[in-house]
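Single-structure report; data block below.
In the working numbering, the protein residues as written are 250 to 322.
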């Protein structure tokens, strides 16, 4: 069994660096997914009567979504 030692051409990479990068990527993916879920709930909610931000803002979102969904004459 041969063991590979780091040579000057291939410097040793610390293991902690790789796990930190992976952890950061996982956190970013989770945050982006949560933001997408919130945006979808806020945009789609008023169409089903869920005014999550109060009646005024909910109705505005509903009007915007109805305007987007209806085809132009």
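Each residue gets a CB set at the ideal place from its N, CA and C atoms; glycine is no exception.
Taking 7 Å as the limit between beta carbons, can you name the residues of its chain near residue i, skipping five residues before and five after?
i           : result
residue 320 : none
If you draw a straight line from the alpha carbon of residue i to that of residue j, how long is it in whole angstroms?
i           : j           : result
residue 276 : residue 293 : 26 Å
residue 280 : residue 268 : 18 Å
residue 337 : residue 278 : The structure shown does not extend to residue 337, since the chain is modelled only from 250 to 322, so the question has no answer here.
residue 288 : residue 270 : 27 Å
residue 274 : residue 286 : 18 Å
residue 284 : residue 318 : 22 Å
Leaving out five residues before and five after residue i in sequence, what residues of the same chain have Cβ atoms less than 6 Å from its Cβ?
i           : result
residue 316 : none
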